[in-house]
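Only one structure is covered here, and it is reproduced in the block below.
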Amino acid sequence: MSAGCGPRRPKAPLSDAEVVKRFNQIFFNSGVIQRSTWMGVKLGQNPCDLWMMQEIIYQIKPDVIIETGTWFGGSALYYAMLLDELGNSGKVITVDIDTYGDQAAFEFPAFKRNAIFLQGDSVSPDIIKKIEELIGRDKKVMVTLDSLHTKEHVLKELQLYSRFVSPGSYLIVQDTNIHGHPVHPNFPEGPMEALMEFLKGRDDFVIDSSREKFLLTFYPNGYLKRIK
1133 MSAGCGPRRP KAPLSDAEVV KRFNQIFFNS GVIQRSTWMG VKLGQNPCDL
1183 WMMQEIIYQI KPDVIIETGT WFGGSALYYA MLLDELGNSG KVITVDIDTY
1233 GDQAAFEFPA FKRNAIFLQG DSVSPDIIKK IEELIGRDKK VMVTLDSLHT
1283 KEHVLKELQL YSRFVSPGSY LIVQDTNIHG HPVHPNFPEG PMEALMEFLK
1333 GRDDFVIDSS REKFLLTFYP NGYLKRIK
């Protein structure tokens, strides 16, 4: 037998963390998210994060959910239907600089009852003022950020929208997985880097890693709980 033809050594088993990382990459790179729908309407979130959002909404029972990045409206419709089931007259305020598709989400009864669409730049003074007027006072508010994914824009959103979040509620930064966390390594600095800069020197928000219990998440470190 010539050299190099002996039995191959078995590869060392992958750690749990590496398995999770690779599955996240495989799932993201499959492009299935771009083909996913809620009640026939496109939404760009994975089912594990959607399930976690449902758990948070049920536990917090917010009066208002602010969403930046409406896209086709699938996620806003999802939140509106959950609030509808809770029967607490909660509202979704969803913001996007553009409109997409036929806006079929807007025609669902739950959307008409429980959601408000604002068209404009999520960090513009006009949009912030409208949101302030819609929220009013003494409301339990949660926020989810999913618009432009540059570090500069997300950091600006964090600075503007964090004050709306009620103590005990959540500020959720979506798509912190890009720029190599663990997908899209060539994407410029984005949500994760904005999030880490935002948290420096603050003690009012903490990363709630328990919200990543399903292992597949596009929001690593992105579930921020306001503790005071």
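Sequential numbering of the sequence shown, starting at 1133, is according to the numbering used here.
The beta carbon of each residue, even a glycine, is placed where N, CA and C say it ideally should be.
Keep in mind that this is a model prediction, so the values were computed, not measured.
Boundaries around E1199 are those of the beta strand (DSSP E), 1196-1200, since no alpha helix (DSSP H) includes it. Per the coordinates, the alpha-carbon of K1271 lies some 22 Å from the alpha-carbon of M1184. If you ignore the 5 residues before and after T1202, its C-beta comes within less than 7 Å of the C-beta of A1208, T1226, V1227, D1228, F1249, all in its own chain and listed in chain order.
Looking at N1353, L1347, G1268, the one whose alpha-carbon comes closest to that of L1303 is N1353.
DSSP lists I1197 as the bridge partner or partners of M1274. In this structure, S1256 sits away from S1279, with a CB-CB distance that is not shorter than 7 Å. For K1223, the enclosing beta strand (DSSP E) covers residues 1223-1228. Membership of I1310 in any beta strand (DSSP E) is not indicated, and neither H nor E is assigned to it by DSSP.
Annotation for L1356: the continuous beta strand (DSSP E) segment containing it runs 1355-1358. Look at the beta carbons and you see the region 1313-1322 touching the region 1276-1295: at least three pairs across the two are nearer than 8 Å. Q1177 counts as buried, since at least 16 other C-beta atoms from the protein chains shown sit within 10 angstroms of its C-beta. Exclusion of the five residues before and after Q1235 leaves G1205 as the residues of its chain whose Cβ lies within less than 7 Å of its Cβ.
Listed in chain order, the non-local C-beta contacts of T1276 below 6 Å within the same chain comprise E1199, I1304, local neighbours out to five positions each way being set aside. Our two residues, F1337 and P1145, have alpha carbons roughly 37 Å apart in a direct line. One thing to note: S1301 has its Cβ no nearer than 7 Å to the Cβ of M1328. Its Cα nearest to that of Q1291, the residue F1330 stands out among N1309, H1316, E1264, F1330. The residues P1314, V1315, in chain order, have a CB closer than 7 Å to that of Q1157 in the same chain once the five nearest residues on each side in sequence are set aside.
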